[in-house]
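Chemist: Supplied in structure tokens, the structure appears directly below.
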Amino acid sequence: MTTDSLSNLMDERRTFAPDSGFAAAANVDAGWYTAADADREGFWAAQARRLSWESEWSSVLDWSDAPVAKWFVGGRLNVAYNCVDRHVEAGLGDRVAIHWEGESGDGRTITYADLLREVSKTANALVSLGLRAGDRVAIQLPMIPEAIYAMLACARLGLVHSVVFGGFSPTALRSRVDDAQARLLITSDGQFRRGNAAPMKANTDEAIAGCASIEHVLVVRRTGSTVEWTEGRDVWWHDLVDGQSDTHTPEAFDAEHPLFILYTSGTTGNPKGILHTSGGYLTQVAYTHHAVFDLKPETDVYWCTADIGWVTGHSYIVYGPLANGATQVVYEGTPDSPHQGRHFEIIQKYGVSIYYTAPTLIRTFMKWGDEIPAGYDLSSLRLLGSVGEPINPEAWMWYREHLGGQRCPIVDTWWQTETGAIMISPLPGVTSTKPGSAQRPLPGVGARVVDDAGVEVGPGGGGYLVLDKPWPSMLRGIWGDEERFRSTYWSRFDGFYFAGDGAKYDADGDIWLLGRVDDVMNVSGHRISTTEVESALVSHPSVAEAAVVGATDATTGQGIVAFVILRGGQDAEVASQLRDHVAKEIGPIAKPRQVLVVPELPKTRSGKIMRRLLRDIAENRAVGDTTTLADSSVMALISSGLNPAE
Ligand code: WT7
Numbered sequence: 001m002t003t004d005s006l007s008n009l010m011d012e013r014r015t016f017a018p019d020s021g022f023a024a025a026a027n028v029d030a031g032w033y034t035a036a037d038a039d040r041e042g043f044w045a046a047q048a049r050r051l052s053w054e055s056e057w058s059s060v061l062d063w064s065d066a067p068v069a070k071w072f073v074g075g076r077l078n079v080a081y082n083c084v085d086r087h088v089e090a091g092l093g094d095r096v097a098i099h100w101e102g103e104s105g106d107g108r109t110i111t112y113a114d115l116l117r118e119v120s121k122t123a124n125a126l127v128s129l130g131l132r133a134g135d136r137v138a139i140q141l142p143m144i145p146e147a148i149y150a151m152l153a154c155a156r157l158g159l160v161h162s163v164v165f166g167g168f169s170p171t172a173l174r175s176r177v178d179d180a181q182a183r184l185l186i187t188s189d190g191q192f193r194r195g196n197a198a199p200m201k202a203n204t205d206e207a208i209a210g211c212a213s214i215e216h217v218l219v220v221r222r223t224g225s226t227v228e229w230t231e232g233r234d235v236w237w238h239d240l241v242d243g244q245s246d247t248h249t250p251e252a253f254d255a256e257h258p259l260f261i262l263y264t265s266g267t268t269g270n271p272k273g274i275l276h277t278s279g280g281y282l283t284q285v286a287y288t289h290h291a292v293f294d295l296k297p298e299t300d301v302y303w304c305t306a307d308i309g310w311v312t313g314h315s316y317i318v319y320g321p322l323a324n325g326a327t328q329v330v331y332e333g334t335p336d337s338p339h340q341g342r343h344f345e346i347i348q349k350y351g352v353s354i355y356y357t358a359p360t361l362i363r364t365f366m367k368w369g370d371e372i373p374a375g376y377d378l379s380s381l382r383l384l385g386s387v388g389e390p391i392n393p394e395a396w397m398w399y400r401e402h403l404g405g406q407r408c409p410i411v412d413t414w415w416q417t418e419t420g421a422i423m424i425s426p427l428p429g430v431t432s433t434k435p436g437s438a439q440r441p442l443p444g445v446g447a448r449v450v451d452d453a454g455v456e457v458g459p460g461g462g463g464y465l466v467l468d469k470p471w472p473s474m475l476r477g478i479w480g481d482e483e484r485f486r487s488t489y490w491s492r493f494d495g496f497y498f499a500g501d502g503a504k505y506d507a508d509g510d511i512w513l514l515g516r517v518d519d520v521m522n523v524s525g526h527r528i529s530t531t532e533v534e535s536a537l538v539s540h541p542s543v544a545e546a547a548v549v550g551a552t553d554a555t556t557g558q559g560i561v562a563f564v565i566l567r568g569g570q571d572a573e574v575a576s577q578l579r580d581h582v583a584k585e586i587g588p589i590a591k592p593r594q595v596l597v598v599p600e601l602p603k604t605r606s607g608k609i610m611r612r613l614l615r616d617i618a619e620n621r622a623v624g625d626t627t628t629l630a631d632s633s634v635m636a637l638i639s640s641g642l643n644p645a646e
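Heads up: the sequence shown begins at 1 in the UniProt record's numbering, then just goes up one per residue.
Given below as structure tokens:
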């Protein structure tokens, strides 16, 4: 988001009242807020009854060991049974679960009955590898159906999956596999990207070389490229899974049985393994998917464009939609392959009615031109969603007009890997929406904006977003690091969860999210820590010191700008070498937009880098207050040495 659009956002006054027809048929009404306020635990118990439990809980919430919550204490369920079997048992086996669209136009239609067979075969295969409930399984796969089968097979067996985004480097995968001590890695030979087959197994081989915890690598054949093979360790998916029995009896697990770990960037170099459990997580993803997307499973075609490597894919491709028996589109490829109308073509082809994407993609569509969506029939759409970063009002209005035909409600959904599910969002058919505001916590959720001292600010006031009540899909911890869990989220304000986002209330009390307040950048809706990129930079032999900031970027929200001090002399190629080095160390998503070579970095007397001043330079602004610098001449030195062409 640019500084300009941020100030627009604060002056934004437009509102859009719900359409009366939409409101009349909506899944929720304003009474949900009052019901949840009157009896919060009763409200969540009612939401939990969306699921099938083998045995019911004895109490809804145990918060006695705060900040580690227990929800639906003593309840037992099987997550995969809830996402698959029960729909087939209810006679819905012929309903399409997944319209899978391959990048090259190949596709598969997977009904709930098909899904049950595939998940059962996969579960039997995992059992044959000796995996037992509680074991960790790492998954790095492209957006192919096997990724979903693998996740659900883990859930079915009580195995804890750790999905690693396909774009992450071998080093990043390695640290995640090690941290979770995964016994199995599921990957593919390669993946298609813009018409080309890119290797995947070669990267995973590099990642796990000499890695003691991994016993087997299960490999899906996707591109047909040749791969290296380690006998005894590597197993082809088609050799192991295809021949398995397609029936498998699920076993129920405790509501607090771990479901998955998902790594996300924090303010230090080490990613955090966010731990989610079963009953509360599934309850909240199913509830929010029903309420926020107004899902009508008999008629809607839902499409969330995220990758399953991120939490959005976990909660709103796999668990929420499938728990609700939705029919959805899953797309393997990039939005511009083979042409820039690809998403609109898919919406038209499948009659997509609910479309959930990120502001960065909306701004990319804007850049590509209005005539592209205008060339397709988008009349099937009836609801649009946004997630990942604050959506600037211009993008919101464009989304409403060019995809939504001025008729679709837009839900701007605020949440995080840690929250597991949507927390703040308009309710379609209920809320009068405002371009750029996520507005109100959902029924059952508690959020407020507080000042430095933890005191709630008044209308028009700004500060930090906190969550003031436990919620069912809340993280249960950071894998292997309880202390970090407490210090990161629970020590900033007494009794509140600190989200790391700045926010403000408008005069109506609606919440506007203003971006991260910590050293976490948001690039195209992906969270990347400044320290992680800095450590990657200093691991390069030419770099003595590095400081990284997120600078506003019109398309990606923020762009990564790195300031580096070199060891030795200048090298004309060094900026591009360092950009490539970071991409190799972390993954292409972390590649700096710019690398600026500087003679010094601005530091306080205690040695802390003043990123605020670097951000001023990166955003071409006059440099702000420098009085706390140890050496006040440093900024002039930095500015004078910069090549204005960069
Ligand atoms: C951070 C969480 C939630 C799934 C995708 C990202 C930012 C997310 C919004 C929104 C303003 C948003 C926040 C948050 N964010 N959605 N609708 N409005 N900001 O998950 O990687 O865990 O990142 O994304 O800064 O803290 P994540």
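Even for Gly, the Cβ is constructed at its ideal location relative to N, Cα and C.
For the ligand WT7, is there a heavy atom less than 7 Å away from the beta-carbon of A499?
Modeler: Here the question's residue 499 lines up with position 499 in the sequence shown. Flag set: Cβ of A499 near the ligand WT7.
Chemist: Between which two residues does the alpha helix (DSSP H) containing R611 stretch?
Modeler: By 1-based counting over the sequence shown, the position of residue 611 is 611. R611 to A618 is the span of the alpha helix (DSSP H), which, as asked, contains R611.
Chemist: Curious, which full-length alpha helix (DSSP H) runs of at least 4 residues does the region 202-257 contain?
Modeler: Entirely contained in the region 202-257, the alpha helix (DSSP H) runs reaching 4 residues are, in chain order, 237-240.
Chemist: Quickly, what does DSSP pair S55 with across the bridge? List them, please.
Modeler: Here residue 55 refers to the residue found at position 55 of the sequence shown. BP columns for S55 point to R76.
Chemist: Give a single yes or no on whether V387 has its beta carbon closer than 7 Å to a heavy atom of the ligand FAD.
Modeler: You won't find the ligand FAD in this model; what it holds is the ligand WT7.
Chemist: Between S162 and L613, what straight-line distance do the alpha-carbon atoms span, to the nearest angstrom?
Modeler: Counting from one through the sequence shown, the residue named residue 162 turns up at place 162. Counting from one through the sequence shown, the residue named residue 613 turns up at place 613. Whole-angstrom Cα-Cα distance: 38 Å.
Chemist: State the CB to CB distance for the pair Y464 and G502, rounded to an integer number of angstroms; the pair is presumed to be in contact (CB under 8 Å).
Modeler: Indexing the sequence shown from 1 puts residue 464 at position 464. Indexing the sequence shown from 1 puts residue 502 at position 502. With a Cβ gap of about 6 Å, Y464 and G502 count as contacting.
Chemist: When you compare only the Cα positions, how much space is there between E646 and N620?
Modeler: Counting from one through the sequence shown, the residue named residue 646 turns up at place 646. Counting from one through the sequence shown, the residue named residue 620 turns up at place 620. A caution first: E646 carries a pLDDT of 43, below 50, which makes its placement in the model unreliable, though a value can still be read off. If I take the Cα positions, the gap works out to 11 Å.
Chemist: Let me know the secondary structure DSSP gives Q570 once reduced to three states.
Modeler: Against the sequence shown, residue 570 aligns to sequence position 570. Three-state DSSP puts Q570 in coil, outside helix and strand.
Chemist: Using the C-alpha atoms, what's the distance from E394 back to Y376?
Modeler: As a position in the sequence shown, residue 376 is number 376, starting the count at 1. As a position in the sequence shown, residue 394 is number 394, starting the count at 1. The straight-line gap from Cα to Cα measures roughly 22 Å.
Chemist: Residues in the same chain with beta-carbon distance under 7 Å from H526, minus the five sequence neighbours each way, listed in chain order, please.
Modeler: Looking up residue 526 in the sequence shown gives position 526. The answer, listed in chain order, is I589.
Chemist: Measuring from the CB of T264, is there a heavy atom of the ligand WT7 at a distance below 7 Å?
Modeler: Here residue 264 refers to the residue found at position 264 of the sequence shown. Yes, the beta carbon of T264 sits closer than 7 Å to at least one heavy atom of the ligand WT7.
Chemist: Between V311 and the ligand WT7, is there a pair consisting of the residue's CB and a ligand heavy atom that are separated by less than 7 Å?
Modeler: Here residue 311 refers to the residue found at position 311 of the sequence shown. The answer is yes for V311.
Chemist: Does DSSP put A562 in a helix, in a strand, or in coil?
Modeler: In the sequence shown, the residue the question calls residue 562 occupies position 562. Correct three-state label for A562: strand.
Chemist: Roughly how far, in whole angstroms, is the beta-carbon of L176 from the beta-carbon of V164, given that I think they are within contact range, below 8 Å?
Modeler: Stepping through the sequence shown from its first residue, residue 176 is reached at position 176. Stepping through the sequence shown from its first residue, residue 164 is reached at position 164. Note that residue 176 is Arg in the sequence shown, not Leu. That pair is a contact at about 5 Å.
Chemist: Using C-beta distances below 7 Å, list every residue in its chain close to G341, excluding the 5 sequence neighbours before and after it, in chain order.
Modeler: Position 341 of the sequence shown, counting from 1, holds the residue named residue 341. Closer than 7 Å at Cβ, skipping near neighbours: I372, G375 and Y376.
Chemist: Along the alpha helix (DSSP H) that carries G320, what are the first and last residues, could you check?
Modeler: For the purposes of this step, residue 320 is taken as residue 320 along the sequence shown, with counting starting at 1. Segment G320 to A323, the alpha helix (DSSP H) holding G320.
Chemist: Exposed or buried, A209, counting other C-beta atoms within 10 Å across all chains shown (16 or more means buried)?
Modeler: Walking along the sequence shown from the start, residue 209 turns up at place 209. A209 should be labelled exposed.
Chemist: Under DSSP, the alpha helix (DSSP H) around M397 begins and ends at which residues?
Modeler: Walking along the sequence shown from the start, residue 397 turns up at place 397. Residues P393 to W398.
Chemist: Residues bridged to Q439 by DSSP?
Modeler: Counting from 1 along the sequence shown, the entry for residue 439 is found at position 439. I511.
Chemist: Between which two residues does the beta strand (DSSP E) carrying N522 extend?
Modeler: Here residue 522 refers to the residue found at position 522 when the sequence shown is read from its first residue. Per DSSP, N522 belongs to the beta strand (DSSP E) from V520 to V523.
Chemist: Just to confirm, are F293 and H276 a CB contact at a threshold of 8 Å?
Modeler: In the sequence shown, residue 293 corresponds to position 293, counting from 1. In the sequence shown, residue 276 corresponds to position 276, counting from 1. Contact flag unset, no.
Chemist: Any idea what DSSP makes of T628, helix, strand or coil?
Modeler: Here residue 628 corresponds to residue number 628 of the sequence shown, with the count starting at 1. In the structure shown, T628 sits in coil (DSSP, three-state: anything other than H, G, I, E or B).
Chemist: Please report the straight-line C-alpha distance between L578 and S535, rounded to a whole angstrom.
Modeler: Looking up residue 578 in the sequence shown gives position 578. Looking up residue 535 in the sequence shown gives position 535. Roughly 12 Å between the two C-alpha positions.
Chemist: Could you check if H238 is buried or exposed, using at least 16 other CB atoms within 10 Å of its CB as the buried criterion?
Modeler: As a working mapping, residue 238 is identified with position 238 in the sequence shown. H238 should be labelled exposed.
Chemist: Is the distance from the Cβ of V217 to the Cβ of T264 below 8 Å?
Modeler: By one-based count along the sequence shown, residue 217 stands at place 217. By one-based count along the sequence shown, residue 264 stands at place 264. Not in contact: V217 and T264 (Cβ atoms no closer than 8 Å).
Chemist: Can you say whether residue 647 is buried or exposed, counting buried as having 16 or more other CB atoms within 10 angstroms of its CB?
Modeler: The chain is shown from 1 up to 646; residue 647 falls before or after that span and cannot be answered.
Chemist: Closer than 7 Å: is that where the CB of N196 sits relative to any heavy atom of the ligand WT7?
Modeler: Translated into the one-based positions of the sequence shown, residue 196 becomes position 196. N196 Cβ: outside cutoff for every heavy atom of the ligand WT7.
Chemist: Considering Cα atoms alone, identify which of Y489, A26, D205 and D510 is closest to H290.
Modeler: Here residue 290 refers to the residue found at position 290 of the sequence shown. Looking at the Cα atoms, A26 is the closest of the given residues.
Chemist: By DSSP, does W44 sit in helix, in strand, or in coil?
Modeler: Counting from one through the sequence shown, the residue named residue 44 turns up at place 44. Residue state, collapsed to three classes: helix.
Chemist: Would DSSP call C408 helix, strand or coil?
Modeler: Taking the sequence shown and counting its residues from 1, the one referred to as residue 408 is at position 408. Residue state, collapsed to three classes: coil.
Chemist: Given this structure, state the Cα-to-Cα distance separating A212 from L185, to the nearest angstrom.
Modeler: Indexing the sequence shown from 1 puts residue 212 at position 212. Indexing the sequence shown from 1 puts residue 185 at position 185. If you take the alpha carbons of A212 and L185, they lie about 12 Å apart.
Chemist: Please report the straight-line C-alpha distance between S5 and H402, rounded to a whole angstrom.
Modeler: Within the sequence shown, numbered from 1, the residue matching residue 5 stands at position 5. Within the sequence shown, numbered from 1, the residue matching residue 402 stands at position 402. The predicted model places S5 with a pLDDT of 49, which falls under 50 and marks its position as unreliable; any figure quoted below should be read in that light. Rounded to the nearest angstrom, the two C-alpha atoms are 19 Å apart.
Chemist: With a threshold of 8 Å, are at least 3 pairs of Cβ atoms found where one atom belongs to the region 514-522 and the other to the region 309-326?
Modeler: With a cut-off of 8 Å, the region 309-326 and the region 514-522 do not count as touching, because too few Cβ pairs lie within range.
Chemist: Three-state secondary structure (DSSP) at E371?
Modeler: The sequence position of residue 371 within the sequence shown is 371, counting from 1. Looking at E371 - three-state DSSP - the assignment turns out to be helix.
Chemist: Residues bridged to F260 by DSSP?
Modeler: Translated into positions along the sequence shown, residue 260 becomes position 260. DSSP output for F260 lists H161 and H276 as bridge partner(s).
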